[in-house]
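*Asks:* Residue numbers (the working numbering): 73 to 396.
Glycine is no exception: its CB is placed at the ideal position from the N, C-alpha and C atoms.
As the structure is a prediction and not an experimental result, all values here were calculated from the model.
(1) Taking residue 215 as the reference, which of 165, 298, 282 and 123 has the closest Cα?
(2) Please go through the segment 92 to 167 and give each complete alpha helix (DSSP H) segment of 4 or more residues, from N-terminal end onward.
(3) Have a look at the DSSP bridge pairing and note the partners of residue 206.
(4) To the nearest angstrom, how far is it from the Cα of residue 116 to the Cα of residue 93?
(5) Could you give the DSSP three-state label for residue 340: helix, strand or coil?
(6) Does residue 271 come out as helix, strand or coil in the three-state DSSP assignment?
(7) Which residue from 191, 201 and 318 puts its Cα closest to that of residue 207?
(8) Just to confirm the assignment, what range does the beta strand (DSSP E) spanning residue 35 have?
(9) When burial is assigned at 16 or more other CB atoms within 10 Å of the CB, is residue 347 buried or exposed?
(10) Could you name the residues of the same chain whose beta carbon sits closer than 6 Å to that of residue 232, not counting the 5 residues immediately before and after it, in chain order?
(11) Could you check if residue 341 is buried or exposed, using at least 16 other CB atoms within 10 Å of its CB as the buried criterion?
(12) Here's a check: name, in chain order, each residue in its chain whose Cβ is nearer than 6 Å to the Cβ of residue 250, leaving out the five neighbours to either side.
(13) Would residue 333 and residue 377 be called neighbours here (beta carbons separated by less than 9 Å)?
(14) Would you kindly check if the distance between the Cβ of residue 344 and the Cβ of residue 276 is under 9 Å?
(15) Going by beta carbon distance, what residues of the same chain come within less than 6 Å of residue 286, once the five residues before and after it are set aside?
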């Protein structure tokens, strides 16, 4: 298939683009490089510098090729930032995404895969199935939910087949490909920067949550497992019109537990500082991925947190400055 990957210069989008190429698909990456990296775009992909907020640019991209599918990764992803700058998130994640969806529908694209998030759910003491209560704790989660709702209506009105993949903390690295956000707010890479001497201490935001050690609990999924699910969903959309799946390992780790495992992997003492809670952090988000396992046969290959962190550590040691 000929596939457009929006945000294909980012952490997850670039890995998906590489996997699509490996599977024999033709890939066009469309990215404004505001938070992605040109060096992350895989060889073999056609790269177009552009912004999904620019309708004329999108028209030119879709008019220049007959895409059979879109994988949409072009969203801002920082929950904390979304609580400080909600307008930025509504403009980029919602207003700009409707440009992509509408343009895809006008050009008769029939498959659309959305990189969504577990942040659409309310916090729960139990693993979250797709039927769990929806109640985003931050603007970021709300914007992804709004994109899902737009896709639902485009499916009903225009017959657009779509998959919304609600993933839980993408993490880890692939050979030559890892996390390099600027600024970096994700826990694992921030902790590993301490081991590299780039940060003085790991930061723990909130120690008074209703969890065993008082810190937030999250599920972590390796980027390779995340990408494999995207490709399975893409194939399934050949017959299915709507797919919504959670992606995670079904195991929750607290912030303190992640830091402890990182200490084991790096051999570094990793000093940690405790800070007040951040707005928008849910106490506990852990996935039940039974549905995608049952329906598409997906299985995570890197379910162990130590393995996930070890692959990330290998990337950060060999790329201390990211793609710079």
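*Replies:* So, to answer that:
(1) Distances from the CA of residue 215 to each of 165, 298, 282 and 123 were compared; the closest alpha carbon is that of 165.
(2) Qualifying alpha helix (DSSP H) stretches, in chain order: 127 to 136, 151 to 156 and 158 to 161.
(3) Paired residue(s): 193.
(4) One C-alpha to the other measures close to 7 Å.
(5) Coil at residue 340, not helix or strand.
(6) In the structure shown, residue 271 sits in coil (DSSP, three-state: anything other than H, G, I, E or B).
(7) The candidate whose alpha carbon is nearest that of residue 207 is 191.
(8) No answer is possible for residue 35: it lies beyond the span of the chain, which begins at 73 and ends at 396.
(9) Exposed, because fewer than 16 other Cβ atoms sit within 10 Å of the Cβ of residue 347.
(10) Excluding residues within five positions, the ones whose Cβ falls inside 6 Å are 177, 184 and 226.
(11) A residue is called buried when at least 16 other Cβ atoms come within 10 angstroms of its Cβ; residue 341 does not meet this threshold and is exposed.
(12) The residues are 387.
(13) Yes, they are a contact pair.
(14) The answer is yes: Cβ separation under 9 Å.
(15) Counting only Cβ-Cβ distances below 6 Å, and skipping sequence neighbours, we find 279 and 280.
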